[in-house]
Amino acid sequence: MPTLKHIGIIALNTFRESIRDKILYNIVFLAIALTLFSIVLGEWSVFDRAYVIKSTTLSVMNLSGLLISIFVGISLVQKEIQRRTVLTLLSKPISRAAFIVGKYLGLLAVVTVHLAILSVIYYVMLAVTDAGPTLSLLNAIYLIFCEMAVIIAVALLFSSFSSTILSALFTLGVYFAGHLSNQLLEQVRFASRMGEMGDASTALFEKAAVVIHAVFPGLYRFNVTNYVVHGVALPDMYLFWNTVYALGYVGVFLAIASWWFSRRDFL
Numbered sequence: 272m273p274t275l276k277h278i279g280i281i282a283l284n285t286f287r288e289s290i291r292d293k294i295l296y297n298i299v300f301l302a303i304a305l306t307l308f309s310i311v312l313g314e315w316s317v318f319d320r321a322y323v324i325k326s327t328t329l330s331v332m333n334l335s336g337l338l339i340s341i342f343v344g345i346s347l348v349q350k351e352i353q354r355r356t357v358l359t360l361l362s363k364p365i366s367r368a369a370f371i372v373g374k375y376l377g378l379l380a381v382v383t384v385h386l387a388i389l390s391v392i393y394y395v396m397l398a399v400t401d402a403g404p405t406l407s408l409l410n411a412i413y414l415i416f417c418e419m420a421v422i423i424a425v426a427l428l429f430s431s432f433s434s435t436i437l438s439a440l441f442t443l444g445v446y447f448a449g450h451l452s453n454q455l456l457e458q459v460r461f462a463s464r465m466g467e468m469g470d471a472s473t474a475l476f477e478k479a480a481v482v483i484h485a486v487f488p489g490l491y492r493f494n495v496t497n498y499v500v501h502g503v504a505l506p507d508m509y510l511f512w513n514t515v516y517a518l519g520y521v522g523v524f525l526a527i528a529s530w531w532f533s534r535r536d537f538l
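Here it is as structure tokens:
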């Protein structure tokens, strides 16, 4: 129980600290502006207006959540280290694992509020433009939340042992690898079937693609924009299994971050 109390206190303080960050407000205002601008894009586009508005807004949600996770998430631990306030915190009966988990939950709450605000604007905008707001769009927004939950854990993992710039680059690398790993594996296997590479090259590239696909979180699983925009039903239990998938990676990343952070000497 004391540990849960410590986690809650750290999470609350992290949430309060994050919402005072100027970078956060810049990202939120930019996201709202781009969301509203999607109406103009829908009017200009040769494609269906509702499709453009829905797909653009979901992309803005994903991108803004990514920016918050990286630029705010990485600074959470680094600020404490640079200001030496981490020494004051850890001198109290607070475990380093509780510190990491508290920071994680605090930023996750910030992203949750951010997505909730954009969701309200999203549905109001769809209703005003008569673009057909549907409850199925919440599935896409929920999976964006799951993806950001994983990205925040990745950002905290790298920030627990690396500098701010390197942590940002590493997190971006994981993000792109997670979205492209499935396509990479499919392309390598397709090239192998077509005989476009030699046997040795095929085996090497296929093994590398399999490792990347297995190690990095498959963030492509959380992109269901085409499903919900076109009104196609998701497979049965899709949300459940991808929630479990996200929780698994979050648990692994936070466990590694806590272990690594506990080995650091700040004196």
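Numbering (our numbering), first residue to last: 272 to 538. Idealized CB from N, CA, C, for every residue including glycine.
(1) Taking all protein chains shown into account, do 16 or more other C-beta atoms lie within 10 angstroms of the C-beta of residue 308, making it buried, or fewer, making it exposed?
(2) Would you kindly check if the distance between the Cβ of residue 373 and the Cβ of residue 483 is under 7 Å?
(3) Kindly give me the distance between the Cβ atoms of residue 377 and residue 283, rounded to whole angstroms, as I take these residues to be in contact under 8 Å.
(4) Am I right that residue 397 and residue 324 are in contact with their C-beta atoms under 8 Å? What's the rounded C-beta distance?
(5) Indicate whether residue 419 and residue 382 have their beta-carbon atoms separated by less than 7 Å.
(6) Can you tell me whether residue 479 is buried or exposed, with buried defined as 16 or more other CB within 10 angstroms of its CB?
(7) Could you spell out the range, first to last residue, of the alpha helix (DSSP H) harbouring residue 534?
(8) Assign residue 501 to buried or exposed, taking buried as 16 or more other Cβ atoms, counted over all protein chains shown, within 10 Å of its Cβ.
(9) So, at 6 Å on beta carbons, what are the nonlocal neighbours of residue 369 in its own chain, with the 5 sequence-adjacent residues on each side left out?
(10) Any idea what DSSP makes of residue 373, helix, strand or coil?
(11) By the 10 Å Cβ neighbour count, where 16 or more other Cβ atoms means buried, how is residue 457 classified, buried or exposed?
(12) For residue 339, count the other beta carbons within 10 Å of its own beta carbon; 16 or more makes it buried, fewer makes it exposed. Which is it?
(13) Excluding the five sequence neighbours on either side, which residues of its own chain have a C-beta within less than 7 Å of the C-beta of residue 434, listed in chain order?
(14) Just the Cα atoms here: how many angstroms apart are residue 527 and residue 393?
(15) I'd like the span of the alpha helix (DSSP H) that includes residue 350, first residue to last.
(16) Could you check if residue 296 is buried or exposed, using at least 16 other CB atoms within 10 Å of its CB as the buried criterion?
(17) CA-CA distance, residue 453 and residue 354?
To lay it out plainly:
(1) exposed
(2) no
(3) 7 Å
(4) 7 Å
(5) yes
(6) exposed
(7) 509-534
(8) exposed
(9) 274, 277, 278
(10) helix
(11) exposed
(12) buried
(13) none
(14) 36 Å
(15) 344-353
(16) exposed
(17) 41 Å
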